């Protein structure tokens, strides 16, 4: 599964988040949760499956961000971001990518069970954001940064997440 545009990848993830929210009767999903989930799924696939898209994330105060998505959702701040599940698009992706879609669903469900600030802490302490963030600089997190951080920090969140995906999460 590979998305040739950042927009297609984001749209796919927003649809999965909407499905998880609907399936599990989750009342509220915030902009911060969405940004971090999109980043964590991206990193997971880069590290353990195969690259899923071409995205450089910006380092902002509260973690990795896709600026264009932030701009669209900023008016919601800490409020619930309205998300609509598109069954047709979901089934189209599932038809050709059952395995990967299942992994994405599991990761999103797991992350939405955490508190928003727990996800922020994960991104601050267990990803290259930790090394690259400088106030007001919006440095980019590139694939090589993610891979290098992972290789240099073997006991990190993504090893735990990989274990959970393969052995625990349903």
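Numbering (our numbering), first residue to last: 4 to 173.
Ideal placement from N, C-alpha and C gives every residue a C-beta, glycine not left out.
Quick caveat, the model's predicted, so the values are computed rather than measured.
Per DSSP, residue 32 is not a residue of any alpha helix (DSSP H), being assigned neither H nor E. Taking C-beta separations shorter than 6 Å and ignoring five residues to either side along the sequence, the partners of residue 142 in its chain run 62, 135, following chain order. Close CB contacts of residue 76 within its chain, under the 8 Å cut and outside five residues either way in sequence, are with 34, 37, 84 (chain order). Between residue 21 and residue 42, the alpha-carbon positions lie close to 16 Å from each other.
Counting C-beta atoms within 10 angstroms of its own C-beta, residue 148 has 16 or more neighbours from the protein chains shown and is therefore classed as buried.
Considering only 106, 125, 112, 94, the residue with the shortest C-alpha distance to residue 67 is 125.
Taken in chain order, the unbroken stretches of alpha helix (DSSP H) that lie wholly in the region 36-97 and span 4 residues or more are 70-76. Between the region 145-165 and the region 82-98, the count of C-beta pairs closer than 8 Å stays below three; the two stretches do not touch. The beta carbon of residue 40 sits closer than 8 Å to the beta carbons of 16, 20, 110, 111, 114, 115, 122 from its chain, once the five residues preceding and following it are set aside; these are given in chain order. By the neighbour-count criterion, in which a residue is buried when 16 or more other Cβ atoms sit within 10 angstroms of its Cβ, residue 107 is buried. Between residue 45 and residue 55, the beta carbon gap of about 6 Å places them in contact (Cβ cut-off 8 Å). For residue 117, the three-state secondary structure derived from DSSP is coil.
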